[in-house]
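*Asks:* Please find one structure pasted underneath; my questions will follow.
In the numbering used here, the protein residues as written are 19 to 244.
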């Protein structure tokens with residue numbers, strides 16, 4: 019849920035619970051590997067980015083856990099998009115945060131995924147597969163607090179939603195995020211063993227296709243996708 023998007027999706031008579039993003043800035047370097055390991059062990063974690071790219075496109079990483087609400091749509095149920103709209107209408111982000119927050123930063127709200135198989139609710143497709151791992155076709159979690167790390171600027175942003183009618187204060191949410199950072203900093207990361215390539219005979223390697231076969235395979239893949 020980003021500013022502006024909330025105003026577009028909340029079209030119903032019930033405007034939803036009002037949410038305002040609050041932030042706290044920490045000048046520190048975050049060990050994203052340790053943070054990823056810590057959050058992965060928490061309840062319903064969400065980790066986006068975490069590659070530490072020093073570029074404008076991949077600079078932000080997000081860490082969140084313990085959502086206050088979860089929406090799941092399972093295969094076989096009906097009206098996925100109607101139910102999704104009802105859920106999105108439950109909250110509305112209003113107001114601006116601060117000019118100091120980089121543009122495009124996620125400010126809290128729904129995070130999750132839409133599965134490829136959801137396409138069968140949009141168009142008629144043949145169903146010839148077995149659902150051997152019955153995962154939800156849609157899973158969205160509403161996070162009212164998260165950590166945003168800017169790998170380019172080496173800055174940590176603590177983001178918390180102030181939700182109308184909620185008992186937990188924004189300060190309490192900030193404290194929980196700072197505690198998570200502190201606990202992740204105590205994680206001891208194992209150093210992978212170095213690979214040994216001295217005994218590898220590279221001359222024994224050979225390509226198993228020629229140039230014409232490669233491009234023909236590529237053409238078929240594009241045709242299948244189309």
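Ideal placement from N, C-alpha and C gives every residue a C-beta, glycine not left out.
I'd like the span of the beta strand (DSSP E) that includes residue 189, first residue to last.
*Replies:* Position 171 of the chain shown holds residue 189. That residue, residue 189, is in no beta strand (DSSP E); its alpha helix (DSSP H) goes 188–202.
*Asks:* Figure out for me which residue from 127, 176 and 164 has the closest Cα to the Cα of residue 158.
*Replies:* Looking up residue 158 in the chain shown gives position 140. Among 127, 176 and 164, the Cα nearest to that of residue 158 is on 127.
*Asks:* Let me check understanding here. Comparing Cα to Cα, which of 173, 95 and 203 lies closest to residue 52?
*Replies:* In the chain shown, counting from the first residue as 1, residue 52 sits at position 34. Of the candidates 173, 95 and 203, the one whose C-alpha sits nearest the C-alpha of residue 52 is 203.
*Asks:* From residue 232 to residue 47, what distance separates their C-alpha atoms?
*Replies:* Taking the first residue of the chain shown as 1, we reach residue 232 at position 214. Taking the first residue of the chain shown as 1, we reach residue 47 at position 29. Distance between the alpha carbons of residue 232 and residue 47 is about 44 Å.
*Asks:* Just checking, does the stretch 99–112 make contact with the stretch 79–91 on the three C-beta pairs under 8 Å criterion?
*Replies:* Touching, per the Cβ criterion.
*Asks:* Nearest to residue 166 by CA position, among 155, 124 and 238, is which residue?
*Replies:* Residue 166 sits at position 148 when you count from the first residue of the chain shown. When only C-alpha atoms are compared, the closest one is 124.
*Asks:* Taking the alpha-carbon positions, what's the residue 21 to residue 38 distance?
*Replies:* The sequence position of residue 21 within the chain shown is 3, counting from 1. The sequence position of residue 38 within the chain shown is 20, counting from 1. Because residue 21 sits at a pLDDT of 36, beneath the cut-off of 50, its placement in the model cannot be relied upon, and the following sentence gives the value as read from the coordinates. Distance between the alpha carbons of residue 21 and residue 38 is about 9 Å.
*Asks:* Suppose only complete runs of 3+ residues qualify. What are the beta strand (DSSP E) ranges in the stretch 35–110, listed by chain order?
*Replies:* Within the stretch 35–110, the complete beta strand (DSSP E) runs of at least 3 residues are 35–44, 64–66, 78–82 and 87–91.
*Asks:* Among 44, 156, 219 and 185, which one has its Cα closest to the Cα of residue 162?
*Replies:* Working through the chain shown from its first residue, we reach residue 162 at position 144. It is 185 whose Cα lies nearest to the Cα of residue 162.
*Asks:* Please report how far the alpha carbon of residue 36 lies from the alpha carbon of residue 207, in whole angstroms.
*Replies:* Along the chain shown, one-based indexing puts residue 36 at 18. Along the chain shown, one-based indexing puts residue 207 at 189. Roughly 41 Å between the two C-alpha positions.
*Asks:* Based on Cα-Cα distance, which residue from 58, 44, 136 and 221 lies nearest to residue 94?
*Replies:* As a position in the chain shown, residue 94 is number 76, starting the count at 1. The residue with the shortest Cα to Cα distance from residue 94 is 136.
*Asks:* Within the chosen definition, does the stretch 131–150 reach the stretch 58–68 through at least 3 CB pairs nearer than 8 Å?
*Replies:* Cβ pair count under 8 Å is below three, so no.
*Asks:* Residue 40 and residue 169: beta carbons closer than 9 Å?
*Replies:* As a working note, residue 40 is residue 22 in the chain shown. As a working note, residue 169 is residue 151 in the chain shown. No; because the gap between Cβ atoms is not below 9 Å, this pair is not in contact.
*Asks:* With distances taken Cα to Cα, identify the nearest neighbour of residue 33 among 134, 111, 99 and 236.
*Replies:* Here residue 33 is taken as the residue at index 15 of the chain shown, counted from 1. Closest option to residue 33, Cα to Cα, is 111.
*Asks:* Alpha carbons only, please: which of 121, 209, 239 and 176 is nearest the one belonging to residue 193?
*Replies:* For the purposes of this step, residue 193 is taken as residue 175 along the chain shown, with counting starting at 1. Considering only alpha carbons, the answer is 176.
*Asks:* Is it true that the CB of residue 109 sits closer than 9 Å to the CB of residue 156?
*Replies:* Counted from its first residue, the chain shown places residue 156 at position 138. Counted from its first residue, the chain shown places residue 109 at position 91. It is not a contact, given that the beta carbons lie outside the stated cut-off.
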